[in-house]
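There are 2 protein chains.
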Amino acid sequence: MANTIAVIGTLDTKGDEFLFVKNEIENRGHRALVVNVGVMGEPGFEPDVPAEKVAVAAGSSLKILREKSDRGLAVETMSKGIVKVIVDLYDANRIQAVIGMGGSAGTDIATAAMRALPLGVPKVMVSTHAPMDTRPYVRTKDIVMVPPIVDVAGINRISSLAYANAVGAVIGMVETSAPQIEDKPLLAASMFGNTTPVVNRCRSILEQKGYEVLIFHQVGTPETLESLAADGYISGVMDITTTEWADQVTGGVLSGGPNRYDIVSQKGIPQVIVPGCIDMANFSARKDVPPKYDDRLFYQWASNVTLMRTNPAENATIGQILAQKANMSSGPAAFFLPLQGFSMMDAPGKEFWWPEANQAFFDAVKQHLKPEIPVYEMDCNINDDEFADAVADKMLEFLHS
Amino acid sequence: MANTIAVIGTLDTKGDEFLFVKNEIENRGHRALVVNVGVMGEPGFEPDVPAEKVAVAAGSSLKILREKSDRGLAVETMSKGIVKVIVDLYDANRIQAVIGMGGSAGTDIATAAMRALPLGVPKVMVSTHAPMDTRPYVRTKDIVMVPPIVDVAGINRISSLAYANAVGAVIGMVETSAPQIEDKPLLAASMFGNTTPVVNRCRSILEQKGYEVLIFHQVGTPETLESLAADGYISGVMDITTTEWADQVTGGVLSGGPNRYDIVSQKGIPQVIVPGCIDMANFSARKDVPPKYDDRLFYQWASNVTLMRTNPAENATIGQILAQKANMSSGPAAFFLPLQGFSMMDAPGKEFWWPEANQAFFDAVKQHLKPEIPVYEMDCNINDDEFADAVADKMLEFLHS
Numbered sequence: 001m002a003n004t005i006a007v008i009g010t011l012d013t014k015g016d017e018f019l020f021v022k023n024e025i026e027n028r029g030h031r032a033l034v035v036n037v038g039v040m041g042e043p044g045f046e047p048d049v050p051a052e053k054v055a056v057a058a059g060s061s062l063k064i065l066r067e068k069s070d071r072g073l074a075v076e077t078m079s080k081g082i083v084k085v086i087v088d089l090y091d092a093n094r095i096q097a098v099i100g101m102g103g104s105a106g107t108d109i110a111t112a113a114m115r116a117l118p119l120g121v122p123k124v125m126v127s128t129h130a131p132m133d134t135r136p137y138v139r140t141k142d143i144v145m146v147p148p149i150v151d152v153a154g155i156n157r158i159s160s161l162a163y164a165n166a167v168g169a170v171i172g173m174v175e176t177s178a179p180q181i182e183d184k185p186l187l188a189a190s191m192f193g194n195t196t197p198v199v200n201r202c203r204s205i206l207e208q209k210g211y212e213v214l215i216f217h218q219v220g221t222p223e224t225l226e227s228l229a230a231d232g233y234i235s236g237v238m239d240i241t242t243t244e245w246a247d248q249v250t251g252g253v254l255s256g257g258p259n260r261y262d263i264v265s266q267k268g269i270p271q272v273i274v275p276g277c278i279d280m281a282n283f284s285a286r287k288d289v290p291p292k293y294d295d296r297l298f299y300q301w302a303s304n305v306t307l308m309r310t311n312p313a314e315n316a317t318i319g320q321i322l323a324q325k326a327n328m329s330s331g332p333a334a335f336f337l338p339l340q341g342f343s344m345m346d347a348p349g350k351e352f353w354w355p356e357a358n359q360a361f362f363d364a365v366k367q368h369l370k371p372e373i374p375v376y377e378m379d380c381n382i383n384d385d386e387f388a389d390a391v392a393d394k395m396l397e398f399l400h401s
Numbered sequence: 402m403a404n405t406i407a408v409i410g411t412l413d414t415k416g417d418e419f420l421f422v423k424n425e426i427e428n429r430g431h432r433a434l435v436v437n438v439g440v441m442g443e444p445g446f447e448p449d450v451p452a453e454k455v456a457v458a459a460g461s462s463l464k465i466l467r468e469k470s471d472r473g474l475a476v477e478t479m480s481k482g483i484v485k486v487i488v489d490l491y492d493a494n495r496i497q498a499v500i501g502m503g504g505s506a507g508t509d510i511a512t513a514a515m516r517a518l519p520l521g522v523p524k525v526m527v528s529t530h531a532p533m534d535t536r537p538y539v540r541t542k543d544i545v546m547v548p549p550i551v552d553v554a555g556i557n558r559i560s561s562l563a564y565a566n567a568v569g570a571v572i573g574m575v576e577t578s579a580p581q582i583e584d585k586p587l588l589a590a591s592m593f594g595n596t597t598p599v600v601n602r603c604r605s606i607l608e609q610k611g612y613e614v615l616i617f618h619q620v621g622t623p624e625t626l627e628s629l630a631a632d633g634y635i636s637g638v639m640d641i642t643t644t645e646w647a648d649q650v651t652g653g654v655l656s657g658g659p660n661r662y663d664i665v666s667q668k669g670i671p672q673v674i675v676p677g678c679i680d681m682a683n684f685s686a687r688k689d690v691p692p693k694y695d696d697r698l699f700y701q702w703a704s705n706v707t708l709m710r711t712n713p714a715e716n717a718t719i720g721q722i723l724a725q726k727a728n729m730s731s732g733p734a735a736f737f738l739p740l741q742g743f744s745m746m747d748a749p750g751k752e753f754w755w756p757e758a759n760q761a762f763f764d765a766v767k768q769h770l771k772p773e774i775p776v777y778e779m780d781c782n783i784n785d786d787e788f789a790d791a792v793a794d795k796m797l798e799f800l801h802s
């Protein structure tokens with residue numbers, strides 16, 4: 001069955017290149033819907049959606065953009081407009097895939113639209129930035145970056161191979177049926193090296209009950225889980241490792257930002273919350289720790305990983321934040337507090353064991369949490385089996401209710 | 402027509418995932434040839450090429466690798482072995498495409514093999530590193546990186562979308578015919594902002610004569626042209642902008658390394674050599690310039706681009722290097738020397754005009770160059786039309802002889 005592939009490009013400077021792509025798509029029995037995002041000149045051929053419409057979708061116009069002649073503004077405006085145009089086309093089932101080609105500006109614009117589409121919708125970007133840091137473009141989405149080897153300028157023996165293969169890729173993807181797999185509900189669990197035992201045990205219990213548990217390493221990139229939660233993929237969250245808040249509060253290097261996992265509460269996804277590894281904030285080398293922390297307790301985990309023990313004030317702040325965020329949830333939530341420590345290192349006799357600091361966290365949670373949310377205090381370490389069993393059981397209870 | 406797609410993976414830890422990929426390929430009417438690169442455990446299913454064969458191809462064995470239990474050594478060994486295995490399969494026409502999946506180790510191994518294949522051969526890598534800096538994996542090749550969104554571990558609603566789409570991409574690419582384009586011979590020209598006029602004029606002249614001119618920005622990445630030259634794509638090189646040698650000699654940030662473009666001489670590709678922009682070495686911010694250069698002449702090109710005027714000794718060194726490298730060429734070569742300066746800034750009355758420094762370059766070239774290689778001194782600036790015309794004419798003469 002023929003599909004329609006949106007082609008996003010600057011037809012003023014790369015008309016020949018995009019005509020080549022359009023023809024390749026049509027020669028292989030699919031349809032191309034060409035959207036022009038070139039601001040300055042006239043298009044090399046007639047697009048299906050003119051650049052003016054993209055500019056207007058962003059509340060601007062080509063006339064304004066040409067008069068201002070500001071490259072940054074043009075890219076920003078066309079990026080905003082293309083998101084609206086492409087999402088509308090997709091929602092109306094007028095396109096089933098997207099391909100783009102360009103340098104840095106073209107990549108900025110086309111990938112903005114791609115990131116607005118659901119996972120699984122084919123997204124192919126021929127970009128001079130493919131063999132570089134792709135993070136600003138791909139972010140948490142399944143955008144496939146294709147290196148053009150040479151500039152996306154002209155149709156020669158090398159660039160034509162890249163263009164044709166990119167068209168091949170997007171066609172092959174759009175002809176792919178949804179995989180037939182056993183469709184288990186997905187759960188998320190947050191993990192750190194120091195909470196591996198508890199997370200693995202919870203995972204094992206839930207998987208035996210027919211769930212699939214995705215592990216999210218807490219390295220300051222909460223966007224991946226947030227994006228999946230926003231798209232409705234996640235049925236429950238075991239936020240066992242809330243350590244990114246320790247970095248947010250102290251200025252550590254693995255902060256998840258002030259809105260970490262807010263989407264979980266906003267969507268009312270069932271969640272179990274545990275203060276995993278909030279005893280430790282992460283810095284890179286010891287010399288990179290701010291001098292104001294010089295009197296603190298440190299542990300050199302690796303040459304470039306310095307752990308700092310959080311203090312009672314910081315732990316109280318984290319407790320307040322977690323409680324207030326949980327209060328906003330429209331779904332079920334519960335706190336589990338391990339009285340014998342928040343990590344392998346925060347256990348009686350271990351490097352970071354500091355009961356007073358932990359107590360400050362417990363007090364803050366209980367002070368700020370609304371009474372409907374239960375708090376379970378357990379006299380064990382976070383990595384003890386009975387603790388994991390209790391967390392997993394509560395998650396199951398939420399999922400079954 | 403059915404094609405055979407090589408599937409590279411660690412079947413000991415990801416057997417289910419690779420079986421899924423193999424089945425997807427076969428369900429769509431193509432063949433999978435599975436190569437196991439997992440060292441430690443037994444494969445989840447029987448591969449077509451066992452890991453032992455890959456280890457032996459690298460002069461090692463699974464027994465040795467298991468005994469040493471050194472992850473770095475295992476990755477290095479299997480990377481070396483897989484290159485040999487895959488290149489042999491490709492040369493014997495037993496595979497027409499490659500797909501791999503993995504984390505950092507799996508990506509290291511599979512992309513090593515992909516980089517050893519010619520441009521145009523479909524290469525798809527499902528990698529947790531796709532949304533990061535892909536440079537170490539892609540380098541100068543057309544490797545298509547697919548983000549798995551979650552870890553390549555397990556077959557769930559999210560990962561299965563990525564696996565299936567990646568298979569779709571490699572199948573779509575392998576079903577792509579070589580593009581029918583006007584097959585013009587390719588030339589390369591090295592460019593910098595400061596040599597744009599001369600390069601553009603040469604390009605225009607050569608394109609009117611039926612050649613396609615690829616522009617290579619001199620930003621310290623000579624590998625792209627070198628890779629294309631090694632693969633036989635390049636018919637001639639106009640090395641008009643040899644500025645990377647100024648950075649190599651002074652320790653600037655855009656050095657092309659000590660072997661820049663050596664392949665051009667080794668392959669005997671016709672070349673015209675010009676000292677474009679060797680008057681300037683590039684540093685980032687002014688504060689990042691080594692203190693030993695404090696008495697030099699600088700020009701602040703942008704906040705993070707500091708240009709330093711090279712001195713007579715440095716220019717003499719560059720002249721000697723360029724002459725000695727040209728002497729090794731098995732093909733035709735010529736030098737063009739613009740007596741009125743090497744860049745827009747190195748012209749009478751301009752910031753970097755220093756005739757004595759330029760003379761040191763001229764003297765060194767003439768002293769070290771073998772007499773068979775002609776040197777043309779022209780009393781004009783590098784960006785003057787008559788200079789560009791002479792360079793282009795010589796290139797044409799080489800190409801026609």
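Taken in order, these protein sequences are the chains called H and L. Under my numbering, think of the first position of the first sequence as 1, with each following residue one higher. Under my numbering, think of the first position of the second sequence as 402, with each following residue one higher. All C-beta atoms, glycine included, are put in the ideal place defined by N, C-alpha and C. Quick caveat, the model's predicted, so the values are computed rather than measured.
Quiz prompt | Residues bridged to glycine 193(H) [DSSP beta-bridge criterion] | solution = In the DSSP output, where bridge partners are listed per residue, glycine 193(H) has none listed.
Quiz item: Can we count aspartate 552(L) as close to the ligand ADP, meaning its CB is less than 7 Å from some heavy atom?
Solution: As presented, the structure is devoid of all ligands, the ligand ADP included, so that no description of it is given.
Practice problem: Kindly list, in the order they appear in chain H, the residues whose Cβ is closer than 9 Å to that of leucine 629(L). | Solution: Within chain H, the C-beta atoms nearer than 9 Å to that of leucine 629(L) come from Ile149, Val150, Ile158, in chain order.
Practice problem: Would you kindly work out how many angstroms separate the C-alpha atoms of glutamate 244(H) and asparagine 494(L), rounded to a whole number? | Solution: One C-alpha to the other measures close to 51 Å.
Quiz prompt | Start-to-end residues for the alpha helix (DSSP H) that takes in histidine 431(L) | solution = Counting along the chain, histidine 431(L) falls outside any alpha helix (DSSP H), and DSSP gives it neither H nor E.
Exercise. Could you please tell me which residues of the segment 608-637 of chain L, in chain order, have their CB closer than 8 Å to any CB of chain H?
Key: Within the segment 608-637 of chain L, the qualifying residues are Glu613, Leu615, Ile616, Thr625, Leu629, Tyr634.
Quiz item: So, using beta-carbon positions, are isoleucine 234(H) and alanine 189(H) closer together than 8 Å?
Solution: The answer is no: Cβ separation not under 8 Å.
Exercise. Give the straight-line distance between the Cα atoms of aspartate 663(L) and leucine 615(L), rounded to the nearest whole angstrom.
Key: Aspartate 663(L) and leucine 615(L) have their C-alpha atoms roughly 18 Å apart.
Exercise. Please classify arginine 296(H): is it buried, with 16 or more other beta-carbons within 10 angstroms of its beta-carbon, or exposed?
Key: By the neighbour-count rule (16 or more Cβ atoms within 10 Å), arginine 296(H) is not buried but exposed.
Quiz item: With respect to the alpha helix (DSSP H) encompassing glutamine 359(H), which residues constitute its N-terminal and C-terminal limits?
Solution: DSSP places glutamine 359(H) in the uninterrupted alpha helix (DSSP H) bounded by 355-368.
Practice problem: Output yes if chain L places a C-beta closer than 8 Å to the C-beta of asparagine 200(H); else output no. | Solution: Answer no: the Cβ-Cβ gap between asparagine 200(H) and chain L never drops below 8 Å.
Practice problem: Note down the Cα distance separating glutamate 576(L) from arginine 139(H), rounded to an integer number of angstroms. | Solution: Each residue's alpha carbon lies about 29 Å from the other.
Practice problem: Would you please verify whether the beta carbon of arginine 540(L) is less than 8 Å from any beta carbon of chain H? | Solution: So yes, arginine 540(L) belongs to the interface.
Quiz item: Along chain H, in chain order, which residues have C-beta atoms closer than 7 Å to that of isoleucine 670(L)?
Solution: Ordered by position in chain H, no residue passes the 7 Å Cβ test against isoleucine 670(L), which lies about 15 Å from the chain.
Quiz item: Can you give the beta carbon distance from arginine 536(L) to methionine 132(H), rounded, assuming they're within the 8 Å contact cut?
Solution: Taking C-beta atoms under 8 Å as the contact rule, arginine 536(L) and methionine 132(H) qualify, at a distance of about 6 Å.
Quiz item: Skipping 5 residues on each side, what residues in its chain have a beta carbon closer than 6 Å to that of arginine 66(H)?
Solution: Once the five neighbours on either side are set aside, arginine 66(H) has no close Cβ partner at all.
Quiz item: Taking the C-alpha atoms as reference points, what is the distance between isoleucine 641(L) and isoleucine 25(H)?
Solution: The C-alpha of isoleucine 25(H) is placed about 38 Å away from the C-alpha of isoleucine 641(L).
Exercise. Note down, one range per segment and in chain order, each beta strand (DSSP E) of at least 3 residues found wholly within the segment 6-63 of chain H.
Key: Restricting attention to beta strand (DSSP E) runs no shorter than 3 residues, the segment 6-63 of chain H encloses them at 31-36, ordered along the chain.
Practice problem: Determine which residues share a DSSP beta bridge with glutamate 778(L) and list them. | Solution: Leu738(L), per the DSSP bridge assignment.
Quiz item: Leaving out the 5 sequence neighbours to the left and right, which residues in its chain are closer than 8 Å to arginine 432(L) when beta-carbon positions are compared?
Solution: Same-chain partners within the cutoff: Ala403, Asn404, Thr405, Ile406, Ile426.
Exercise. Starting from valine 289(H), find everything on chain L with Cβ-Cβ shorter than 8 Å and list it in chain order.
Key: Result: empty, since nearest Cβ-Cβ is about 24 Å, beyond 8 Å.
Quiz item: Is it the case that the Cβ atoms of valine 375(H) and phenylalanine 335(H) are separated by a distance below 8 Å?
Solution: With respect to phenylalanine 335(H), valine 375(H) sits close: the two C-beta atoms are nearer than 8 Å.
Practice problem: Counting only the same chain and skipping the five closest in sequence on each side, list residues whose C-beta sits under 6 Å from that of methionine 479(L). | Solution: Contacts found: Val438, Val455, Ile510.
Quiz item: Would methionine 574(L) be called buried (16 or more neighbouring beta carbons within 10 Å of its own) or exposed?
Solution: Methionine 574(L) comes out buried.
Self-check item: chain H contact residues for leucine 562(L), given Cβ-Cβ distances below 8 Å
Solution: What leucine 562(L) touches in chain H: Leu119, Gly120, Asp142, Ala178, Pro179.
Self-check item: Strand pairing of methionine 238(H), partner residues [DSSP]
Solution: According to DSSP, methionine 238(H) shares a beta bridge with Ala189(H), Val272(H).
Quiz item: Leaving out five residues before and five after proline 47(H) in sequence, what residues of the same chain have Cβ atoms less than 8 Å from its Cβ?
Solution: By the criterion of a C-beta distance shorter than 8 Å, proline 47(H) is surrounded in its chain by Leu11, Val34, Val35, Asn36, once the five residues flanking it on both sides are discounted.
Quiz item: Counting pairs of beta carbons, one from the segment 759-767 of chain L and one from the segment 710-727 of chain L, are three or more of them closer than 8 Å?
Solution: Result yes; three or more Cβ-Cβ pairs closer than 8 Å.
Quiz item: For threonine 134(H) and chain L, any beta-carbon pair shorter than 8 Å?
Solution: It does; some Cβ of chain L falls within 8 Å.
Exercise. Would you identify the three-state DSSP class for asparagine 200(H), choosing helix, strand or coil?
Key: Asparagine 200(H): helix per DSSP, three-state reduction.
Quiz item: Using a C-beta to C-beta distance shorter than 7 Å, which residues of chain L count as neighbours of isoleucine 155(H)?
Solution: Against isoleucine 155(H), the close residues of chain L are Ile582, in the order they occur along the chain (beta-carbon pairs closer than 7 Å).
Quiz item: Taking the alpha-carbon positions, what's the alanine 360(H) to lysine 415(L) distance?
Solution: Rounded to whole angstroms, the separation of the alpha carbons of lysine 415(L) and alanine 360(H) is 44 Å.
Exercise. Measure the alpha-carbon distance for aspartate 667(L) versus methionine 729(L) and round it to whole angstroms.
Key: The identity of residue 667(L) in the sequence shown is glutamine, whereas the question assumes aspartate. Each residue's CA atom was taken as its position, placing glutamine 667(L) and methionine 729(L) some 7 Å apart.
Quiz item: What did DSSP end up calling glutamate 212(H) once you bin it into helix, strand or coil?
Solution: When secondary structure is reduced to three states using DSSP, glutamate 212(H) falls in the strand class.
Exercise. For valine 138(H), name the three-state secondary structure that DSSP assigns.
Key: In the structure shown, valine 138(H) sits in a helix (DSSP, three-state: H, G or I).
Exercise. Report yes or no: is there a C-beta of chain L within less than 8 Å of the C-beta of asparagine 165(H)?
Key: By this cut-off, asparagine 165(H) is an interface position.
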